[in-house]
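Enquirer: Residue numbers (the numbering used here): 3 to 424.
Backbone N, C-alpha and C define an ideal beta-carbon position, used for all residues, glycine too.
Since we're looking at a predicted model, the values are computed, not measured.
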Amino acid sequence: MTTRRKVLQTIGLSALALQATPVLAATTEAPALPLPADPEYWKKIRSQFMLADDEVFFNPGTVGAMPRVVVEKMTAHLNHLAVHPAQWAYKDDNKDEYIAGYNNLQSIRGKVAALINATPGEIAMTDNVTHGMSYVAHGLTLNAGDEVLTSDQEHPGGRGGWLVREKRDGVVFKTVAIPKPAHSPAEVLDLIVKAFTPRTKVLMISHMITGSGAILPVRQICEEASKRGIFTVLDGAQTIGQIKLDVRDIGCDVYLGCFHKWIGAPCGTGFMYVRKERWNDIWTTVASAQWNNHDDDGFRFINRGTGSFSILKGLDAALDLHNEIGPDRVYSRIKFLGQRLRDGLRSMKNSKIFSPTDESMCAGITVYNLEGWTGTRLQDAYWERAKMRPRAQGDVFGVRHCTHIFNSEAEIDQALAILRSL
Ligand SMILES: Cc1ncc(COP(=O)(O)O)c(C=O)c1O
Numbered sequence: 003m004t005t006r007r008k009v010l011q012t013i014g015l016s017a018l019a020l021q022a023t024p025v026l027a028a029t030t031e032a033p034a035l036p037l038p039a040d041p042e043y044w045k046k047i048r049s050q051f052m053l054a055d056d057e058v059f060f061n062p063g064t065v066g067a068m069p070r071v072v073v074e075k076m077t078a079h080l081n082h083l084a085v086h087p088a089q090w091a092y093k094d095d096n097k098d099e100y101i102a103g104y105n106n107l108q109s110i111r112g113k114v115a116a117l118i119n120a121t122p123g124e125i126a127m128t129d130n131v132t133h134g135m136s137y138v139a140h141g142l143t144l145n146a147g148d149e150v151l152t153s154d155q156e157h158p159g160g161r162g163g164w165l166v167r168e169k170r171d172g173v174v175f176k177t178v179a180i181p182k183p184a185h186s187p188a189e190v191l192d193l194i195v196k197a198f199t200p201r202t203k204v205l206m207i208s209h210m211i212t213g214s215g216a217i218l219p220v221r222q223i224c225e226e227a228s229k230r231g232i233f234t235v236l237d238g239a240q241t242i243g244q245i246k247l248d249v250r251d252i253g254c255d256v257y258l259g260c261f262h263k264w265i266g267a268p269c270g271t272g273f274m275y276v277r278k279e280r281w282n283d284i285w286t287t288v289a290s291a292q293w294n295n296h297d298d299d300g301f302r303f304i305n306r307g308t309g310s311f312s313i314l315k316g317l318d319a320a321l322d323l324h325n326e327i328g329p330d331r332v333y334s335r336i337k338f339l340g341q342r343l344r345d346g347l348r349s350m351k352n353s354k355i356f357s358p359t360d361e362s363m364c365a366g367i368t369v370y371n372l373e374g375w376t377g378t379r380l381q382d383a384y385w386e387r388a389k390m391r392p393r394a395q396g397d398v399f400g401v402r403h404c405t406h407i408f409n410s411e412a413e414i415d416q417a418l419a420i421l422r423s424l
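Take a look at the structure:
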């Protein structure tokens, strides 16, 4: 059997069915979901994913697992583009769904806005968090000596754009150290507020820290920053699809996120929320026809040249599935499994946990090590013993172990048994 046929069979489509696909219409519907009261509920949810039965995936903090319906919708579109590019009549960029980069993406922006309590006009679709952060870092007017405050635990994709501004324009990129593990929201708030100076113009910080899973008290932090006229930028790479989001309640100026981690969308899908009143503060960086469109500022940032519409079809399906299961139920399950792991770790004498000691600051990311171990050795031990894949976090911090809705209690318990045996 050819590899192509094998792939098509795996995703439940025959090559013939794909050839016969009507113009860009959905070829497959997601199978009906189990009822919440179903005792087999999470087992049935797991069957929505294509994950191999003999492997255990604990790393959606890097890139998520795509549900079957996501892959099917994306590949159906990709196939159509390969077979029928001649059918594209170039009549209306906002209706044409062949390439991304020219369509204002109203429908998908509406879904993203509803998920985070924003309006569609406040949303630009991006490729990832790094792009969004660079658009903001390069788009704001900042002068030499202006300070951008951040934490000592930000991802390079969050920091890079500001470091360019530091070197190029003399902007001061200042970091405040946050304990790892963090102990309480009040501790973090206090450290950040104490680091503000009259020169602080921007605060850029993660909502959930990538290397510990700490959920920071962003509403209180943004409130204190706003009182001082500081522009607030939150890096939400690890939050959407894991914890519930309400950007209005948080009160930030900018919130950046991606869908290829916890929502299970294809790689290269992200968003940039900018509070309506703040869009005018950000110049366009990657510019095309809409570069000066202040009637639809989100579109200014979406109109950035040819991109893949196929991945947006996958994203659309991922958002629908996430909404159908329900963000509350997703969060509860992720947190339940994460806490089961942390409770087990806390009962082990030789474990060191770098995620917060306060459970209210934790969800599905747990970072830990065992005395005398390194992250790579621990990662390898998991793989050799049970084909389990958390991700190494270096010599000191051990592994980052994420739990998601496709994981089970049995997988967590087996992971703990492996740790006890080491
Ligand atoms: C907190 C944080 N910020 C930014 C990024 C970079 O995200 P992306 O690859 O979507 O640009 C990551 C990726 O792991 C992250 O965890």
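Count the other CB atoms, across all protein chains shown, that sit within 10 Å of the CB of Ala27; report buried if there are 16 or more and exposed otherwise.
Expert: Its pLDDT being 46, under 50, Ala27 is placed unreliably in this model, and the value from its coordinates should be taken loosely. So Ala27 ends up on the exposed side.
Enquirer: With 16 other CB atoms within 10 Å as the buried threshold, where does Thr64 fall?
Expert: Under this definition Thr64 is an exposed residue.
Enquirer: Could you tell me how far apart the beta carbons of Gly147 and Val174 are, in whole angstroms, since I believe they sit closer than 8 angstroms?
Expert: Contact holds; Cβ gap of about 7 angstroms.
Enquirer: Quick one: is the Cβ of Asp154 within less than 7 angstroms of any heavy atom of ligand 1?
Expert: For ligand 1, not one heavy atom lies less than 7 angstroms from the Cβ of Asp154.
Enquirer: My understanding is that Met52 touches Val73, with C-beta atoms under 8 angstroms, so please give their C-beta distance in whole angstroms.
Expert: That pair is a contact at about 7 angstroms.
Enquirer: How about Tyr252 and Ile217: do their beta carbons lie closer than 8 angstroms?
Expert: The sequence shown places Ile at residue 252, not Tyr. Cβ atoms of Ile252 and Ile217: not closer than 8 angstroms.
Enquirer: Does the segment 345–365 come into contact with the segment 291–309, if we say contact requires no fewer than three beta-carbon pairs (one atom in each stretch) closer than 8 angstroms?
Expert: The answer is no - the segment 291–309 does not touch the segment 345–365, with fewer than three Cβ pairs under 8 angstroms.
Enquirer: Comparing alpha-carbon positions, which option in Pro329, Thr177 and Asp237 lies nearest Leu117?
Expert: Ranking the options by Cα distance to Leu117, first place goes to Pro329.
Enquirer: To which residues of the same chain is Asn409 closer than 6 angstroms at the C-beta, ignoring the five residues directly before and after it?
Expert: Cβ within range, chain order: Leu339.
Enquirer: Would DSSP call Leu236 helix, strand or coil?
Expert: Reduced to three states, the DSSP call for Leu236 is strand.
Enquirer: If you check the beta carbons only, do Glu156 and Ser208 fall under 8 angstroms apart?
Expert: Their beta carbons are under 8 angstroms apart, which means Glu156 touches Ser208 by this criterion.
Enquirer: Between which two residues does the beta strand (DSSP E) carrying Val398 extend?
Expert: Premise fails: Val398 is in no beta strand (DSSP E) and is neither H nor E.
Enquirer: Do Arg387 and Arg393 count as a contact pair if the criterion is CB distance below 8 angstroms?
Expert: No.
Enquirer: Under the three-state reduction of DSSP, which class applies to Arg260: helix, strand or coil?
Expert: It is Cys, not Arg, that sits at residue 260 in the sequence shown. Of the three classes helix, strand and coil, the one that applies to Cys260 here is strand, per DSSP.
Enquirer: Is there contact here, the segment 312–323 with the segment 135–146, by at least three beta-carbon pairs under 8 angstroms?
Expert: The segment 312–323, when compared against the segment 135–146, does not touch it at the 8 angstroms Cβ threshold.
Enquirer: What residues in its chain sit with their C-beta under 6 angstroms from that of Asp2, if we drop five residues either side in the sequence?
Expert: The structure shown does not extend to residue 2, since the chain spans only 3 to 424, so no value can be given for it.
Enquirer: Just to confirm my understanding: we take Met135, look at its own chain, exclude 5 residues before and 5 after, and list those with CB closer than 7 angstroms. What are they?
Expert: So the qualifying residues of the chain are Gly159, Gly160, Gly163, Asp237 and Leu258.
Enquirer: Measure the alpha-carbon distance for Trp285 versus Arg221 and round it to whole angstroms.
Expert: Distance between the alpha carbons of Trp285 and Arg221 is about 26 angstroms.
Enquirer: Could you work out which residue in Asp415, Thr132, Asp299 and Gly309 is closest to Thr462 when comparing CA atoms only?
Expert: There is simply no residue 462 to check, as the chain begins at 3 and stops at 424 in what is shown.
Enquirer: Quick one: what's Lys354 bridged to in DSSP?
Expert: Lys354 is bridged to Asn371.
Enquirer: Nearest to Phe233 by alpha carbon, out of Gly103, Pro200 and Gly400?
Expert: Checking every option, the nearest Cα to that of Phe233 belongs to Pro200.
Enquirer: If contacts are defined as beta-carbon pairs under 8 angstroms, then Leu380 and Gly400 qualify, I think. What distance do you get, rounded to the angstrom?
Expert: Between Gly400 and Leu380 the Cβ distance is about 6 angstroms, and since that is below 8 angstroms, they are a contact.
Enquirer: Using only the alpha-carbon positions, how far apart do Cys364 and Lys337 sit?
Expert: The straight-line gap from Cα to Cα measures roughly 8 angstroms.
Enquirer: For the beta strand (DSSP E) that contains Ile125, what are its first and last residues?
Expert: Ile125 -> beta strand (DSSP E) spans Ile125 to Thr128.
Enquirer: Following a CB-centred definition, is Asn294 positioned closer than 7 angstroms to any heavy atom of ligand 2?
Expert: This structure lacks ligand 2; the ligands present are ligand 1.
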